[in-house]
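Chains as they are written, first to last, in my numbering: chain C, 307 to 736; chain X, 307 to 736.
Ideal Cβ placement from N, Cα and C applies to all residues, glycine included.
Right, one structure below, let's go through it.
Number of protein chains: 2
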Amino acid sequence: MVDIATRVYNHKWKIDPIVRSLIDTDFYKLLMCQSVFRNRPDTNVTFSLINRSKNIRLADLIDEGELREQLDHVRGLSLTRGESTWLRGNTFYGKRQMFRPDFMEFLEGLRLPAYQLEKRDGQYELTFEGKWPEVMLWEIPALAILMELRSRAVLKDMGRFELQVLYARAMTRLWEKIEALRKLPDLLIADFGTRRRHSFLWQDWCVQAMMEGLGDRFTGTSNCLIAMRRDIEAIGTNAHELPMVYAALADSDQELRQAPYEVLADWHEEHDGNLRIILPDTYGTKGFLKHAPDWLAGWTGIRIDSGDPAEYAEIAIKWWQDRGEDPRQKLIIFSDGLDVENIVSLYNQFHGRVKVSFGWGTLLTNDFRDLVPDNGLAPFSLVCKAVAANGRPTVKLSDNPGKATGPADEVERYKHVFDIGQQIEREVIV
Amino acid sequence: MVDIATRVYNHKWKIDPIVRSLIDTDFYKLLMCQSVFRNRPDTNVTFSLINRSKNIRLADLIDEGELREQLDHVRGLSLTRGESTWLRGNTFYGKRQMFRPDFMEFLEGLRLPAYQLEKRDGQYELTFEGKWPEVMLWEIPALAILMELRSRAVLKDMGRFELQVLYARAMTRLWEKIEALRKLPDLLIADFGTRRRHSFLWQDWCVQAMMEGLGDRFTGTSNCLIAMRRDIEAIGTNAHELPMVYAALADSDQELRQAPYEVLADWHEEHDGNLRIILPDTYGTKGFLKHAPDWLAGWTGIRIDSGDPAEYAEIAIKWWQDRGEDPRQKLIIFSDGLDVENIVSLYNQFHGRVKVSFGWGTLLTNDFRDLVPDNGLAPFSLVCKAVAANGRPTVKLSDNPGKATGPADEVERYKHVFDIGQQIEREVIV
Numbered sequence: 307m308v309d310i311a312t313r314v315y316n317h318k319w320k321i322d323p324i325v326r327s328l329i330d331t332d333f334y335k336l337l338m339c340q341s342v343f344r345n346r347p348d349t350n351v352t353f354s355l356i357n358r359s360k361n362i363r364l365a366d367l368i369d370e371g372e373l374r375e376q377l378d379h380v381r382g383l384s385l386t387r388g389e390s391t392w393l394r395g396n397t398f399y400g401k402r403q404m405f406r407p408d409f410m411e412f413l414e415g416l417r418l419p420a421y422q423l424e425k426r427d428g429q430y431e432l433t434f435e436g437k438w439p440e441v442m443l444w445e446i447p448a449l450a451i452l453m454e455l456r457s458r459a460v461l462k463d464m465g466r467f468e469l470q471v472l473y474a475r476a477m478t479r480l481w482e483k484i485e486a487l488r489k490l491p492d493l494l495i496a497d498f499g500t501r502r503r504h505s506f507l508w509q510d511w512c513v514q515a516m517m518e519g520l521g522d523r524f525t526g527t528s529n530c531l532i533a534m535r536r537d538i539e540a541i542g543t544n545a546h547e548l549p550m551v552y553a554a555l556a557d558s559d560q561e562l563r564q565a566p567y568e569v570l571a572d573w574h575e576e577h578d579g580n581l582r583i584i585l586p587d588t589y590g591t592k593g594f595l596k597h598a599p600d601w602l603a604g605w606t607g608i609r610i611d612s613g614d615p616a617e618y619a620e621i622a623i624k625w626w627q628d629r630g631e632d633p634r635q636k637l638i639i640f641s642d643g644l645d646v647e648n649i650v651s652l653y654n655q656f657h658g659r660v661k662v663s664f665g666w667g668t669l670l671t672n673d674f675r676d677l678v679p680d681n682g683l684a685p686f687s688l689v690c691k692a693v694a695a696n697g698r699p700t701v702k703l704s705d706n707p708g709k710a711t712g713p714a715d716e717v718e719r720y721k722h723v724f725d726i727g728q729q730i731e732r733e734v735i736v
Numbered sequence: 307m308v309d310i311a312t313r314v315y316n317h318k319w320k321i322d323p324i325v326r327s328l329i330d331t332d333f334y335k336l337l338m339c340q341s342v343f344r345n346r347p348d349t350n351v352t353f354s355l356i357n358r359s360k361n362i363r364l365a366d367l368i369d370e371g372e373l374r375e376q377l378d379h380v381r382g383l384s385l386t387r388g389e390s391t392w393l394r395g396n397t398f399y400g401k402r403q404m405f406r407p408d409f410m411e412f413l414e415g416l417r418l419p420a421y422q423l424e425k426r427d428g429q430y431e432l433t434f435e436g437k438w439p440e441v442m443l444w445e446i447p448a449l450a451i452l453m454e455l456r457s458r459a460v461l462k463d464m465g466r467f468e469l470q471v472l473y474a475r476a477m478t479r480l481w482e483k484i485e486a487l488r489k490l491p492d493l494l495i496a497d498f499g500t501r502r503r504h505s506f507l508w509q510d511w512c513v514q515a516m517m518e519g520l521g522d523r524f525t526g527t528s529n530c531l532i533a534m535r536r537d538i539e540a541i542g543t544n545a546h547e548l549p550m551v552y553a554a555l556a557d558s559d560q561e562l563r564q565a566p567y568e569v570l571a572d573w574h575e576e577h578d579g580n581l582r583i584i585l586p587d588t589y590g591t592k593g594f595l596k597h598a599p600d601w602l603a604g605w606t607g608i609r610i611d612s613g614d615p616a617e618y619a620e621i622a623i624k625w626w627q628d629r630g631e632d633p634r635q636k637l638i639i640f641s642d643g644l645d646v647e648n649i650v651s652l653y654n655q656f657h658g659r660v661k662v663s664f665g666w667g668t669l670l671t672n673d674f675r676d677l678v679p680d681n682g683l684a685p686f687s688l689v690c691k692a693v694a695a696n697g698r699p700t701v702k703l704s705d706n707p708g709k710a711t712g713p714a715d716e717v718e719r720y721k722h723v724f725d726i727g728q729q730i731e732r733e734v735i736v
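Shown next as structure tokens:
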């Protein structure tokens, strides 16, 4: 029977919104937002969209009007009562009231600030300026909107059954990955694929497939909305934007050198247990670990997000050993460019030597490679980063020179301050 | 929004019926039924289910209670007003009022007769006895019910996403077949897969995929219900049951020898054009053609349903040439054990020399080979045949001794009467 009311209601949509909730975002954005709200609320930041894959000419593919409609729709969103209740009442990482009342009040009153959009050389220049705790929440919806509008643009002329077969192929592909992962008895893996997902519905499907296919070995999703709806764990800790902005705000090379540790000192006050995860690569992992204060060796784990993951995991293990820690009690989270092949090989290399966990991103939620002509749905490398803080440019180096961002002179200064030696360039997959 | 009424209505179903309409059957059954209703209405026949694949122990797989519920449900069906209107008003093979008023009245009043069901050696013995025009309409629903109950039995313990991926794989497989067939510019192909379909919904999906993927090259479906709902052509002419029953009723070897021609003489009175298709293999194609009256050479085409299809197509072409007919004006319909590989090769061999058409059956609507453990969904060779007429056993020989049915002594008598020489055994695929 046709539900007439639903059909009529659907007709009323001017658009089919891609992001329909403020918590359709990564859990770590909310954790970091709370930390920023507490420690650096008045910082002015600029976030900017950067398409590292220049061959994907987004401004040619995606209609500007449609993009504006989607972004405007997000500006109209506010936290719903149920979302607020969930954030206030749910247990995250075993902890009740993860989000403090003053932060929840801020979040309940939040509307995302204005955006600036221009076209240049076949790309969109999309920037967000304002208070850090507000602007930072644009990152994930902006990326998800661009990614999904690109999917829609590529799919718009396909027939109904052609589409169904396309998704059938993508489903089969993911299921085969899950079947391969199922062979790893102590696997721990989470969905980190919100930002570069094919679409919201597809990410939601992927998460459910992981739940059924991997059971307890699937530890949760970074996406708060999906975590809430599917009643699973929301996963994530912190990201590069914290040290990048703290570093930009430093007034001297000496302060700059300390900035990454200051971030984690603030974090240390707020969080314990599995939330104490070091992300050491912002300005080079080797230097970071070498100069790290001893209390950091007591943290639970390290997330490896650039460079050769096996090499850096060995470096982390050695560092713990040098600091008198037992690596078998420590957690390494791999989260860079993962797919089944490297997950299996990293699992085999490190399982038993440390606790191992995987944050599987784009090739979980957006592997449509070779499924349409000209590989038109292949994932690509789109990021949305803090590019300036209080008028100063930010810099990221990472363990892969291909991922470095920032003005060339500042990159050189940071390399000098952080004593970066020779780095090996690695292909940025996604 | 949940449609509460629909949910409640669905709860009321004691069963999920497999066959929900009397016209969820092959079009040629209705054509033949009209012919029988006119020419041999009082013949008593017995139809019997025969599972040629003894290794598939249907009585172990399928619950007897469920089977009875499904069969009982079919006995409760009658022609709906819309179905009757469609049969009376639609154009079939370019002809209006294909079904005569007296036959439509019979069909409108019809309820399918009782069935006899027993278990023996892991198989069901399912038989139907009564007036030929009534009993014959059990064939397709009985087969479809057994096939789908077997699918349900194999699928019942699978998870939701496992199921979705199973169908994703089957969809992908069919679409790849369609993509291969799309390369044949003058292809004509129809769905003949009702009787051994995986399920009704799956057949309906396959038909729609063929419509989108092949456009005009997809000529229609043998399934009347799907033809009506999808607004496409209903396809089919006649089958072995006509010569088999006519032959069983013959009182002498001389009458027996004439029986297959008598069937077509009755058909000749009723039908013309593309409905004049010879099915020559019931008692051996070679003998049939050799002794055929000249008026049969004027018919539109020949359907090849057993033996080596290329060999018998060459025999048909030679026969037309010998009778002074132009094969390029004639139609050959291939309908035995088809899949993409032999469709492509038969198309390439005969396209341009004759008109070629394909009736694609089981490997269109039930190709789940190797998609579940132990190949539990592989199609198998289930038939439901007229085994007796007015107390006399029926016999079928065909061009493949592996497909012969009937008591051994009668098979021998028929082989002698029809002068069957050496036959080559071919594997019965489906």
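- Any Cβ of chain X closer than 9 angstroms to the Cβ of C/F524 would place that residue at the interface, and such an atom is absent.
- Per the C-alpha coordinates, the member of X/D614, X/Q627 and X/N654 positioned closest to X/G643 is X/D614.
- In the structure shown, X/A476 adopts helical secondary structure according to DSSP, grouped into three states.
- With distances taken between CA atoms, C/D705 lies nearest to C/E733 out of C/Q509, C/E733 and C/N681.
- Your pair C/I495 and C/L520 checks out as a contact, with CB atoms roughly 7 angstroms apart and the cut at 8 angstroms.
- Taking 9 angstroms as the cut-off, the Cβ atoms of C/V689 and C/Y589 do not count as close.
- Of all residues in the stretch 651-674 of chain X, none comes within less than 7 angstroms of chain C when Cβ atoms are compared.
- Within chain C, the residues placing a beta-carbon under 7 angstroms from that of X/T478 are V471, A474, R475 and T478, ordered along the chain.
- Taking a beta-carbon distance threshold of 9 angstroms, X/W319 does not count as an interface residue toward chain C.
- In the structure shown, C/H504 adopts coil according to DSSP, grouped into three states.
- The alpha-carbon of C/N396 is positioned some 40 angstroms away from that of C/E424.
- Around the Cβ of X/M464, a 10 Å sphere holds fewer than 16 other Cβ atoms; the residue is exposed.
- DSSP places C/N316 inside the alpha helix (DSSP H), whose first and last residues are I310 to H317.
- The Cβ neighbour count for X/L490, taken over all protein chains shown within 10 Å, is at least 16; the residue is labelled buried.
- CA-to-CA, the gap between X/A476 and C/A476 works out to about 13 angstroms.
- DSSP places C/F333 in the uninterrupted alpha helix (DSSP H) bounded by F333 to N345.
- By the Cβ neighbour-count rule, C/N681 is exposed, with fewer than 16 other Cβ atoms within 10 Å of its own.
- Closest in C-alpha terms to C/D715, from the list C/P699, C/A603, C/K709 and C/R523, comes C/P699.
- In the same chain as X/D572, and ignoring 5 residues on each side of it, the C-beta atoms closer than 7 angstroms to its own belong to S341 and N345, in chain order.
- At least one CB atom of chain X sits nearer than 9 angstroms to the CB of C/F467.
- If you look at X/T591, you'll find it in the alpha helix (DSSP H) that goes T591 to K596.
- Nearest CB-CB separation between C/A486 and chain X: not below the 9 angstroms threshold.
- Taken in chain order, the members of the stretch 510-541 of chain X whose beta-carbon sits within less than 7 angstroms of a beta-carbon on chain C are Q514, A515, E518 and G519.
- X/N648 sits away from X/G607, with the two beta carbons spaced by 9 angstroms or more.
- By the neighbour-count criterion, in which a residue is buried when 16 or more other Cβ atoms sit within 10 angstroms of its Cβ, X/H379 is buried.
- Residues of chain C with a Cβ closer than 9 angstroms to the Cβ of X/D378 do not exist, since the nearest Cβ in that chain sits about 26 angstroms away.
- Within the stretch 366-412 of chain C, the runs of alpha helix (DSSP H) at least 4 residues long that lie entirely inside it are, in chain order, 370-381 and 387-395.
- Membership of X/S558 in any beta strand (DSSP E) is not indicated, and neither H nor E is assigned to it by DSSP.
- Beyond the five residues adjoining it in sequence on each side, X/N544 comes within less than 8 angstroms, by CB distance, of Y334, L337, M338, S341, V569, W573, I583 and L585 in the same chain, given in chain order.
- Any Cβ of chain C closer than 9 angstroms to the Cβ of X/T312 would place that residue at the interface, and such an atom is present.
- A contact is defined here as three or more CB-CB pairs under 8 angstroms, and the stretch 656-664 of chain X meets this definition with respect to the stretch 615-632 of chain X.
- Membership of X/L637 in the beta strand (DSSP E) is indicated by the continuous run L637 to F640.
- Judged by DSSP in its simplified three-state form, X/G436 adopts strand.
- The residues I324 and I451, in chain order, have a CB closer than 6 angstroms to that of C/Q376 in the same chain once the five nearest residues on each side in sequence are set aside.
- Bounds of the alpha helix (DSSP H) holding C/I621 are P615 to D628.
- Listed in chain order, the positions of the stretch 354-378 of chain C with a beta carbon within less than 8 angstroms of a beta carbon of chain X would be empty, since no residue qualifies.
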